[in-house]
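Asks: Take a look at the following structure, please.
Number of protein chains: 2
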Amino acid sequence: MSTTLTVAVVQHAMGPDREANLGLAADAIASAAGSGARLVVLPELQSSEYFCKYQDPELFGLAEPLDGPTRQALARAAQDHGVVVVGGIFEQRMPGMAHNTAIVLEADGSLAGIYRKMHIPDDPGYNEKFYFTPGDLGFEPIDTSVGRLGVLVCWDQWYPEAARLMALAGAELLIYPTAIGADPQDDREEQQRQLDAWRTIQRAHAIANGLPVLACNRVGHEPDRSGAGRDALFWGHSFIAGPQGEMLAEADSSAVVLVADIDLARSESVRRIWPFFRDRRVDAYQDLTRRFRG
Amino acid sequence: MSTTLTVAVVQHAMGPDREANLGLAADAIASAAGSGARLVVLPELQSSEYFCKYQDPELFGLAEPLDGPTRQALARAAQDHGVVVVGGIFEQRMPGMAHNTAIVLEADGSLAGIYRKMHIPDDPGYNEKFYFTPGDLGFEPIDTSVGRLGVLVCWDQWYPEAARLMALAGAELLIYPTAIGADPQDDREEQQRQLDAWRTIQRAHAIANGLPVLACNRVGHEPDRSGAGRDALFWGHSFIAGPQGEMLAEADSSAVVLVADIDLARSESVRRIWPFFRDRRVDAYQDLTRRFRG
Numbered sequence: 143m144s145t146t147l148t149v150a151v152v153q154h155a156m157g158p159d160r161e162a163n164l165g166l167a168a169d170a171i172a173s174a175a176g177s178g179a180r181l182v183v184l185p186e187l188q189s190s191e192y193f194c195k196y197q198d199p200e201l202f203g204l205a206e207p208l209d210g211p212t213r214q215a216l217a218r219a220a221q222d223h224g225v226v227v228v229g230g231i232f233e234q235r236m237p238g239m240a241h242n243t244a245i246v247l248e249a250d251g252s253l254a255g256i257y258r259k260m261h262i263p264d265d266p267g268y269n270e271k272f273y274f275t276p277g278d279l280g281f282e283p284i285d286t287s288v289g290r291l292g293v294l295v296c297w298d299q300w301y302p303e304a305a306r307l308m309a310l311a312g313a314e315l316l317i318y319p320t321a322i323g324a325d326p327q328d329d330r331e332e333q334q335r336q337l338d339a340w341r342t343i344q345r346a347h348a349i350a351n352g353l354p355v356l357a358c359n360r361v362g363h364e365p366d367r368s369g370a371g372r373d374a375l376f377w378g379h380s381f382i383a384g385p386q387g388e389m390l391a392e393a394d395s396s397a398v399v400l401v402a403d404i405d406l407a408r409s410e411s412v413r414r415i416w417p418f419f420r421d422r423r424v425d426a427y428q429d430l431t432r433r434f435r436g
Numbered sequence: 143m144s145t146t147l148t149v150a151v152v153q154h155a156m157g158p159d160r161e162a163n164l165g166l167a168a169d170a171i172a173s174a175a176g177s178g179a180r181l182v183v184l185p186e187l188q189s190s191e192y193f194c195k196y197q198d199p200e201l202f203g204l205a206e207p208l209d210g211p212t213r214q215a216l217a218r219a220a221q222d223h224g225v226v227v228v229g230g231i232f233e234q235r236m237p238g239m240a241h242n243t244a245i246v247l248e249a250d251g252s253l254a255g256i257y258r259k260m261h262i263p264d265d266p267g268y269n270e271k272f273y274f275t276p277g278d279l280g281f282e283p284i285d286t287s288v289g290r291l292g293v294l295v296c297w298d299q300w301y302p303e304a305a306r307l308m309a310l311a312g313a314e315l316l317i318y319p320t321a322i323g324a325d326p327q328d329d330r331e332e333q334q335r336q337l338d339a340w341r342t343i344q345r346a347h348a349i350a351n352g353l354p355v356l357a358c359n360r361v362g363h364e365p366d367r368s369g370a371g372r373d374a375l376f377w378g379h380s381f382i383a384g385p386q387g388e389m390l391a392e393a394d395s396s397a398v399v400l401v402a403d404i405d406l407a408r409s410e411s412v413r414r415i416w417p418f419f420r421d422r423r424v425d426a427y428q429d430l431t432r433r434f435r436g
């Protein structure tokens with residue numbers, strides 16, 4: 143049995159129209175499947191522009207239930223092309239409670255599972271704490287026909303805890319749909335440091351846990367439509383890395399469907415030479431659940 | 143008050159003679175102090191060749207008590223040059239119990255504190271579980287006149303848990319004395335992947351925790367003196383990185399005293415734009431103390 147899994151990450155730009163965004167996603171899924179991919183990852187909240195640039199109660203109107211139009215469109219595309227799809231929705235759970243939720247569709251269009259974003263950022267231009275109730279499902283991987291997927295979302299990518307918990311639960315791949323960009327007010331050197339840090343920490347999750355990482359970002363300039371917030375410039379640079387953090391494929395900041403072959407057998411061979419899990423000091427980690435060690 | 147701290151990491155090769163090794167360390171400390179360094183980091187177990195290439199009960203004869211000749215020599219050098227020194231000893235605690243211990247000497251030669259290596263590796267050519275009793279002091283930073291130091295040792299560098307616990311306890315710098323090299327049987331690409339992974343994961347500890355990282359490795363080819371073990375080829379590449387993981391200084395694989403200026407104020411400014419500590423999901427991390435999430 144082959145241990146090679148062909149995967150794709152879809153890096154594209156979103157506009158204000160949901161139907162158009164979902165059409166783009168479906169086209170990209172078709173393209174990825176045509177390249178042999180059996181797993182296709184979309185950027186975070188691929189159905190809309192990134193709406194957290196400012197705070198506006200009206201924008202909760204973008205939220206949809208778990209079985210809403212986004213899931214239906216992605217399920218259709220998954221089934222049409224026989225691929226597993228990782229997408230995202232702004233999930234309306236009840237009035238006054240919405241989540242930033244990743245959904246995983248099986249190759250037959252059924253729902254394999256969901257993950258509700260656990261770590262919620264809040265920064266100028268990224269007002270996520272206003273919109274997103276923190277996830278309540280913990281860090282649980284999702285079983286699919288292409289393996290056990292450790293799906294996390296964006297800000298989670300900065301937390302080694304999240305990656306570790308997914309790996310300890312048997313995740314075979316780490317997957318980070320994301321929406322991250324540069325602050326246009328920063329100088330070029332600072333922008334480069336941030337991009338490099340973003341790439342480095344996710345590669346490090348691969349290394350620490352001996353498993354591949356897929357990071358999928360959006361691209362494009364999105365105007366602030368309030369006049370009071372900030373424009374966003376998403377930096378792309380989606381990538382696929384192996385279990386030593388080695389780059390298998392990497393995009394620049396243009397729209398692209400990035401495809402790579404992952405040798406799933408390498409995870410075990412890497413873990414044999416670097417058996418980090420064997421030596422964890424679980425007797426001495428209890429303070430990781432503390433806010434501060436004062 | 144200046145927030146700039148000049149630091150040095152000493153990358154050199156060791157031979158079979160302890161006096162000669164300690165002489166080299168003292169010379170390097172003098173050189174670092176002459177360059178303005180106030181903190182000098184030596185490689186792991188700088189008083190000897192790396193003796194864990196094979197298992198030999200006779201080699202416990204290299205161990206010394208906490209106040210043995212290594213500490214005395216390093217304390218003298220620290221005091222002579224008025225610098226804080228991070229060194230290491232093979233610590234004989236009692237017959238049948240030895241630790242791989244980092245010692246921190248104050249600029250007046252007094253002992254600021256010790257750290258006993260918590261994560262102990264065991265691999266072909268690195269038989270550390272034979273020699274080293276796992277540390278029992280936990281992950282506690284050491285207060286010195288140049289700041290609160292998060293001193294960890296070698297294999298610890300692969301564990302995000304260790305770095306996080308040090309940062310939560312207020313560490314201002316992470317410091318990794320180490321002895322790591324390539325397996326000569328590996329091809330060049332594998333050797334390069336390993337080196338890059340080693341660099342990447344330590345840079346990621348800087349990023350995840352918003353603080354600088356100093357990694358200090360030895361260099362040189364050390365023959366296996368048993369005939370039954372493996373030669374070791376230490377890869378050097380010591381480095382000093384800032385709180386976004388950005389490289390401030392980096393060595394190749396030759397002997398060198400690497401010096402850099404660290405702006406300690408940048409840690410806080412980086413943590414203000416990336417306030418990762420604010421958003422940790424301490425309510426959902428309890429399984430980090432489990433061996434496996436079955």
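For the protein sequence lines, the chains are A and B, in the order given. Throughout, our numbering is defined as the position within the first sequence, counted from one, plus 142. Throughout, our numbering is defined as the position within the second sequence, counted from one, plus 142. In this text, a Cβ means the ideal position worked out from N, Cα and C, and glycines have one as well.
What residue from Pro417(B), Asp329(B), Leu390(B) has the CA that sits closest to Ile404(B)'s CA?
Replies: It is Leu390(B) whose Cα lies nearest to the Cα of Ile404(B).
Asks: Can we say the region 150-158 of chain A touches the region 378-392 of chain A, given the rule of at least three CB pairs closer than 8 Å?
Replies: In short, these stretches touch, since the Cβ pair count reaches three.
Asks: Within 8 Å of any Cβ in chain A, is that where the Cβ of Gln428(B) sits?
Replies: It does; some Cβ of chain A falls within 8 Å.
Asks: Take Ala220(B) as the anchor and find which of Ala254(B), Ser190(B), Pro207(B) has the nearest alpha-carbon.
Replies: Nearest of Ala254(B), Ser190(B), Pro207(B) to Ala220(B), Cα basis: Ala254(B).
Asks: Since Trp300(A) meets chain D, which of its residues come closer than 8 Å, beta carbon to beta carbon?
Replies: In summary, chain D is missing from the structure at hand, where the protein chains are A and B.
Asks: By Cβ distance, which residues of its chain are closer than 7 Å to Gln336(A), with the 5 residues on each side in sequence left out?
Replies: Taken in chain order, the residues that qualify are Ala324.
Asks: Look at the alpha carbon of Asp250(B) and the alpha carbon of Val401(B), and state the distance between them as a whole number of angstroms.
Replies: Straight-line Cα distance between these residues: approximately 21 Å.
Asks: Kindly indicate which residue of Val149(B), Ile317(B), Pro266(B) has the alpha-carbon position closest to the one of Ala172(B).
Replies: Ala172(B) has its Cα closest to that of Val149(B), out of Val149(B), Ile317(B), Pro266(B).
Asks: Going by C-alpha to C-alpha distance, which of Arg258(B), Val361(B), Val412(B) sits closest to Ile349(B)?
Replies: Of the candidates Arg258(B), Val361(B), Val412(B), the one whose C-alpha sits nearest the C-alpha of Ile349(B) is Val412(B).
Asks: Given a cut-off of 8 Å, decide if Glu186(A) and Gly230(A) are closer than it, judged by their beta-carbon atoms.
Replies: In this structure, Glu186(A) lies closer than 8 Å to Gly230(A) by Cβ.
Asks: Determine the DSSP secondary structure at Asp483(B), reduced to helix, strand or coil.
Replies: In the structure as shown, chain B begins at 143 and stops at 436. Residue 483(B) is therefore absent and cannot be evaluated.
Asks: Quick one: grab the DSSP three-state call for Gln234(A).
Replies: It is a strand residue.
Asks: With Gln299(B) as the anchor, note down where its beta strand (DSSP E) starts and where it stops.
Replies: Where Gln299(B) is concerned, there is no enclosing beta strand (DSSP E), given that its DSSP letter is neither H nor E.
Asks: Just confirm the distance between the C-beta atoms of Arg372(B) and Pro266(B), as a whole number of angstroms; I'd bet it's less than 8 Å.
Replies: Confirmed, about 6 Å.
Asks: Considering only the alpha carbon of each residue, which of Ile262(B), Leu356(B), Phe232(B) lies closest to Val293(B)?
Replies: Among Ile262(B), Leu356(B), Phe232(B), the Cα nearest to that of Val293(B) is on Leu356(B).
Asks: So which residues on chain B does Val424(A) lean against when the C-beta distance must stay under 7 Å?
Replies: Those are Thr431, Arg432, Arg433, listed as they occur along chain B.
Asks: Where does Tyr427(A) fall in DSSP's three states?
Replies: Reduced to three states, the DSSP call for Tyr427(A) is coil.
Asks: If you count every other CB in all the chains shown that lies within 10 Å of the CB of Pro283(A), and 16 or more means buried, which is it?
Replies: Classification for Pro283(A): buried.
Asks: So, using beta-carbon positions, are Arg423(A) and Val424(B) closer together than 8 Å?
Replies: No. Outside cutoff.
Asks: Cutting at 6 Å between CB atoms, please list the residues of its own chain near Ala175(A), excluding the five before and the five after it.
Replies: Result list for Ala175(A): His223, Val225, in chain order.
Asks: Any chance the CB of Trp416(A) is under 7 Å from a heavy atom of the ligand ATP?
Replies: Looking for the ligand ATP in the displayed structure turns up nothing, as the structure carries no ligands at all.
Asks: State the CB to CB distance for the pair Asp298(A) and Tyr318(A), rounded to an integer number of angstroms; the pair is presumed to be in contact (CB under 8 Å).
Replies: With a Cβ gap of about 7 Å, Asp298(A) and Tyr318(A) count as contacting.
Asks: Using Cβ-Cβ distances below 7 Å, what residues of the region 252-263 of chain A are close to chain B?
Replies: Taking 7 Å as the Cβ-Cβ cut-off against chain B, the residues of the region 252-263 of chain A that qualify are Met260, His261, Ile262, Pro263.
Asks: From the beta carbon of Leu184(A), is the nearest beta carbon of chain B less than 8 Å away?
Replies: Closer than 8 Å: no.
Asks: So what does DSSP say about Pro319(A), is it helix, strand or coil?
Replies: Strand.
Asks: Quick one: using the 10 Å Cβ neighbour count with 16 as the cut-off for buried, is Glu364(B) buried or exposed?
Replies: Classification for Glu364(B): buried.
Asks: Out of Ala240(A), Arg235(A), Gln234(A), Ser252(A), which one is the CA nearest neighbour of Val228(A)?
Replies: For Val228(A), the nearest C-alpha among the options comes from Ser252(A).
Asks: Ordered along the chain, which non-local residues of its own chain (more than five positions away) have a Cβ less than 6 Å from that of Ile262(B)?
Replies: Same-chain partners within the cutoff: Glu270, Lys271, Phe274, Pro276.
Asks: Applying the 10 Å Cβ sphere with the 16-neighbour rule, what's the burial state of Ala215(B)?
Replies: By the 10 Å Cβ count, Ala215(B) comes out buried.
Asks: Given a limit of 8 Å on CB to CB distance, which residues of the region 385-399 of chain B reach chain A?
Replies: So the close ones are Gln386, Gly387, Glu388.
Asks: Thr286(A) lies in the alpha helix (DSSP H); which residues open and close that run?
Replies: Looking at the DSSP string, Thr286(A) is not in any alpha helix (DSSP H); the run it does join, the beta strand (DSSP E), is 284-286.
Asks: Take Asn163(A) as the anchor and find which of Thr212(A), Gly178(A), Val183(A) has the nearest alpha-carbon.
Replies: Cα-wise, what sits closest to Asn163(A) is Thr212(A).
Asks: Please confirm if Leu310(B) has its CB atom under 8 Å from at least one CB of chain A.
Replies: Cβ-Cβ to chain A under 8 Å: yes for Leu310(B).
Asks: Can you give me the C-alpha to C-alpha distance between Gly210(B) and Phe193(B), rounded to a whole angstrom?
Replies: C-alpha separation (whole angstroms): 18 Å.
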